[in-house]
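As C-alpha cells, the structure follows; a few thoughts come after it.
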Amino acid sequence: MTATSAEPTRRDFLYIATGTVAAVGGAAVAVPLIAQMNPDASTIAAGAPVEVDLTPIAEGQVIKVFWRGKPIFISHRTKKEIDEARSVQLSSLPDPEADKDRVKAGHDQWLILIGICTHLGCIPLAHQGNYDGWFCPCHGSQYDTSGRIRQGPAPKNLFLPPYKFISDSRIRIGEEDTAKA
Amino acid sequence: MARSILALAVAASLLGTTVAAFAADESSHESPVPPRQTWSFSGPFGHFDKGQLQRGFKVYKEVCSVCHGLKYVAFRNLEALGYSEAQVKSIAGEYKIQDGPNDQGEMFERNGRPADYFPTPWPNENAARARYNGVPPDMSVLAKARSYERGFPWFILDMFTQFQEQGVDYIHALMTGYHEKPPEGFTLPPGSFYNDYFPGHALAMPPPLSDKRVDYPDGSPTTVDQYGRDVAAFMMWAAEPHLEARKRIGFQVMIFLIVLSVLLYFTKKKVWADVKAHPEKLQDKAPRPRV
Amino acid sequence: MMSGHSTYQPQNAFMIWLERRLPIAGLVHSSFIAYPVPRNLNYWWTFGGILAFLLGAQIVTGIILVMHYTPHADMAFNSVEHIMRDVNYGWLLRYLHSNGASMFFVAVYIHMARGMYYGSYKEPREVLWILGVILYLLMMATGFLGYTLPWGQMSFWGATVITNFFSAIPIVGESVVTWLWGGYAIGNPTLQRFFSLHYLLPFVIAGVVVLHVWALHVVGQNNPAGVEPQSEKDTVAFTPYATVKDGFFMACFCIVFAWFVFYIPNYLGHADNYIPANPAVTPTHIVPEWYYLPFYAILRAIPNKLLGVIALFGSIGILAFLPWLDTSRVRSANYRPLFRQFFWIFIAVTVGLGWLGSKPAEGGYVIAARILTFWYFIHFIIILPVLGWVEKTKPLPNSISEAILKEGLPAGASGPAPTVTRG
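Chains as they are written, first to last, in our numbering: chain A, 1 to 181; chain B, 1 to 291; chain C, 1 to 423.
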C-alpha cells in the first residue's frame, strides 16, 4: 500500500493533504482552549489605572494601595530619606540604580513602588531594617529609602509601576508618562 | 400481506391519536404568533447594524432603564456599538454607581467608569415589587429568554433556515401590540394593560413607547414600530454580544470541515480500493508493521 | 480475537525497552491497529468512535468551563454569563459543551438503534450490551446534573421534578428526597453536590467505556449480516480501514455539530433557562432536554405517581433484558423482514413519545401518550419474544465474504445502509 518509489504518488499526496488539513484543524482547535486561560475582558477592565490623591499622605508616611491585584507603596519621603538615598555609592549596590531614576523629576519626595519583594514575592514592611527603608520578613531582604536592595537574597530593587502625575497632588497608577523618557 | 395490514393498522392508530392530539391543541387558548420581522443579524452572515444598536441603546437609556436593569452589560461593551473610548467614558460618567465602603465605613456614590456595569434602577426585588406591579426583568438576556412555539413543520425547518429570532420578533410584537381597550368580553385585571401578544393578554407593564417619545439624531422614523425594532435589536446585542464573531468563525469552520470531509472521503476510498476492487479474491490485507 | 500476545514488533531501542516493562504500545497495536474487524461494516458502525470523541470533547470543554464557573446558587447564573461575555472564546466553549451534550445523545441513540436493528445485543454480546445500558444511564444522570448548573428556571424546576420522583418510594421517599436536596427544597446545597457529581460521572463513564471496549474486543464486532467472521477473508485490520472510515464520518458528524454550535446554538435548549432560577415562580411548561422527552411522556402517561416512576425507570431498564426478550436465532434485521417492520414502528413510537413529552399533559396528548407507552412495553414484552418463535427468516449467508460476493441483500430489504460493497 505504501509507494515504494522515492517520489510521492498521487495517493501519497492525498494522504499528505488530508494529514496536513487535519493537523491545521487540530492546531486551530487548540487556540481557544489555550486562549481562554488568558485574562478575560472583565479582569482586564478591572486592571484599569487607578488614581490616588496624595494630599492626605503626611511627610514620612507610607501608604499602600492596590493596582491589578498588586500592592503599591506610596512613600512621602522626608528630606533626610532623600539625602540618604542620594548619598549612596552606586557601585556598592547589588542592583545599581540612581535614586533620581526612580522618581519623577520635580517630585523627588514621592517614591512609588510595587510592594512585592523581588526574591519570592512577600510584601516587605515599611520603616524597618538597617537602611531606613523596607524589610522583608520572609527571608530577610533589606531595601533602602529608594527601595533598592541592599542586603539579603532579593536580586533586584523593588520595581516601579507605570504611573504619572496628573497634577502635583494626584497620580494615576497604570499609565506611563508619555511626555518624558 | 399480513404484515402489511399489521403495519397499516399500527400506523392508522398512531395517526388517529395524533389527530386527537391536534384537536386538543386547537381547543387550548394560545396567543397569536408574533409576525416575522427582518433583522440584519439573522442568517449565517448576519451582522449588527451599529446605527440601529445606537438608536436602540438610546431607547433603552431614555425609556426602559427607568424600570429595567442591564446588569450583565458593562459600559466598556458599548464600544461594539461604534462609540470611541472617550465616548464610552463619558457615557459611563453619566451614571451614578454605588461604591465603598470608604475609610469611614460608609457606602458612597461615584461616577461610572467603563469597567462598571449598568446599574439596576431599584435596590432589590422587593423594592421593585412594591413600586411596580411585579419585578421588571433585567434586559441583559431577555431576547434569549423569550420564545414561542412554532409547531410542526416549522420547528424542523427552523433547524435548516437557522431561525433564532423568536425572542426579538416577540419583543417587537409586544411593543406594538398594546390596545387602548381590551376586546369585548375580556375582563382586564386592575393594574394591567391589554396586549395582543402577551400570553394571557394582561400585561403589568404599561405601554412604554409612543410616537416621538425618543428623538433620533440620524433622522430615522420616530415611531413605535421603529423604536420596537431598534430596542429589540439592541437587546439581541446585549444578549449575544459575540454573535458576529460566532457566525464569522462558524463560516470558516464549516468550510474547513467540508474540505476535511472531502479529503477524508477520498482517502477512505483510496485505502479501501484494493479491498473493494477484488471482492472475489478477498485476500486479507496484512497490516503494515507499525510502531 | 484479543486473546494472546500481540503481533507488535517494536522497531527502535526505546520502544523495545518500554515494551518489555509496560506493553502499552503492544496493547494499542493489538486493539486498534492490527485488530480485525468484519470487512462489511457500514457507516452505522462509526458511532462508537464518534461517541468516544464526544466524550473527550465534553471532558475537555467541561474542565475548561469549570475554570470559570462558580457552583453557588447566588453566582452560578452570573458566572455563566461571565463565560459567555468576558472569557476569551467563552461563548464558544459554552456552546460546544451544551450542544456537545445533545450531539452525544444523538450519537448514542443512533448507536443503540444500530444495536437493536442488527441484533448486536445477542449472544455472545449480552454483557457488552448491558454495559452499554449502564453507560446510557450514566449519560442521562450526567446530562441531568449538568443542566442544573446554569441555575436557570428550567435548571431549578427540572431538578425539582426529577428529585421529586424519589418521593414516590413508599415509607422512605420523603427522607430520600430531603437527603438528595440537602435541605427542605432545591437550593445551594443541591447545586453544589450536583456540580461535584457532574464532574465525577464522566470519568466513571470513561471507566465503563474501557470495560465496554474490552467486552467488545473479546467477542469482536457484529456486522450487518449478523454472521460471525469465519476466517481472515471476512475481516480487515482496524487501522487503516476502520480508522479512516471512522475519521471520515466523524468529520461529517462535526459538520452537524458545528452547524448547531455556530448558527443555532440555542435551538435545542429552552428559552426559560435564560431566566434566573426563581423558587417562587414555576414556568408554564416544565420540559426536560429533548433527549429525555420519550421517557418524560411515559412518566406522565401513567396516572399513578409511583407506577409512573416505575414505568419511567422500567422503560430504560427493560433494555438490559433485550438479549433474552428477543428469542430469534437470527441476529440481523436484514434477514428478518417482519422484525424489521416492528423495529421501525418502535422507532416511530419512540419519536412520537418524544414529541408528546414536549406537549402539556392534557387531553388528546395524554391519550396518545398512553397508547404509545403501551406499545413501547408491548414491543419488548410480547412482540419480540413472539416474533422470535413465529417469524420466518430469510436464509442466512454462509459467511460475510459470501454476503459481500452476493453483492447486496435479499430483495425487499430496507433499512440502514444495506449494500455491503459500498461500505
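All residues carry an ideal CB built from backbone N, CA and C; glycine is no exception. In this text, all values refer to a predicted model and were calculated from it rather than measured experimentally.
Here the alpha carbon of residue 243 of chain C sits roughly 51 Å from the alpha carbon of residue 229 of chain B. DSSP assignment within the stretch 115-176 of chain C yields the following whole alpha helix (DSSP H) runs of 4 residues or more, N-terminal first: 126-148 and 153-164. In terms of beta-carbon proximity, residue 64 of chain C lines the interface with chain A, with at least one pair separated by less than 8 Å.
When only Cα atoms are considered, residue 350 of chain C and residue 376 of chain C end up about 7 Å apart. Closer than 8 Å to the CB of residue 23 of chain A there is not a single CB belonging to chain C.
Residues of chain A with a Cβ closer than 9 Å to the Cβ of residue 99 of chain C do not exist, since the nearest Cβ in that chain sits about 15 Å away. In this structure, residue 148 of chain C places its C-beta atom within 8 Å of the C-beta atom of residue 191 of chain C. At a cut-off of 8 Å between beta-carbon atoms, residue 30 of chain A makes no contact with chain C. Residue 16 of chain C has a beta carbon lying at 8 Å or more from every beta carbon in chain B. Residue state for residue 165 of chain A is assigned as strand, using DSSP reduced to three classes. Using a Cβ-Cβ cut-off of 8 Å, residue 143 of chain A does not count as an interface residue toward chain B, since no Cβ of chain B sits closer than that to its own. Put simply, the stretch 205-214 of chain B touches the stretch 61-71 of chain B. At least three CB pairs are less than 8 Å apart. Under the 8 Å Cβ criterion, the stretch 63-75 of chain C does not count as touching the stretch 38-53 of chain C, having fewer than three qualifying pairs. Cα atoms of residue 141 of chain B and residue 184 of chain B: separation of roughly 35 Å, rounded to the nearest angstrom. Its chain contains 60, 64, 68, 69, 70, 235 and 238 as the residues whose beta carbon lies nearer than 8 Å to that of residue 139 of chain B, once the 5 sequence neighbours on both sides are disregarded; these appear in chain order.
Taken through DSSP and simplified to helix, strand or coil, residue 41 of chain C comes out as coil. Any Cβ of chain B closer than 8 Å to the Cβ of residue 27 of chain A would place that residue at the interface, and such an atom is absent. Boundaries of the beta strand (DSSP E) around residue 113 of chain A: 110-114. Taking a beta-carbon distance threshold of 8 Å, residue 272 of chain C does not count as an interface residue toward chain A. For residue 154 of chain B, the enclosing alpha helix (DSSP H) covers residues 154-161.
Interface with chain A (8 Å Cβ-Cβ cutoff): residue 56 of chain C is excluded. Those residues of the stretch 104-132 of chain A placed with their C-beta closer than 9 Å to a C-beta in chain B do not exist. Measuring C-alpha to C-alpha distances from residue 24 of chain A to each of B:226, B:252, B:158 and B:144 identifies B:252 as the nearest. Under the DSSP assignment, residue 135 of chain A falls in the beta strand (DSSP E) whose first and last residues are 132-135.
Identification of chain A residues near residue 259 of chain B by a Cβ-Cβ cut-off of 8 Å yields 21, ordered along the chain.
Inter-residue distance for residue 200 of chain C and residue 109 of chain C is about 23 Å (C-alpha atoms, whole angstroms).
Just so you know, the alpha carbons of residue 195 of chain B and residue 166 of chain B end up roughly 17 Å apart. If you compare the alpha carbons of C:270, C:101, C:212 and C:342 with that of residue 135 of chain C, the shortest gap goes to C:212.
Taking each of A:167, A:170 and A:143 in turn and checking the Cα distance to residue 159 of chain A, the smallest one comes out for A:143. As summarised for the stretch 80-115 of chain B, the continuous beta strand (DSSP E) elements at least 3 residues long and confined to that stretch are 96-99 and 108-111, given in chain order. When CB distances to chain B are screened at a threshold of 7 Å, the residues of the stretch 242-257 of chain C falling below it are 244, 245, 247, 248, 251, 252, 254 and 255, in chain order. Less than 8 Å divides the Cβ of residue 241 of chain B from the Cβ of residue 85 of chain C. Secondary structure of residue 144 of chain A (DSSP, three-state): strand. Between residue 128 of chain C and residue 215 of chain C, the C-beta spacing is below 8 Å. Going by DSSP, residue 76 of chain A is part of the beta strand (DSSP E) stretching over 70-76.
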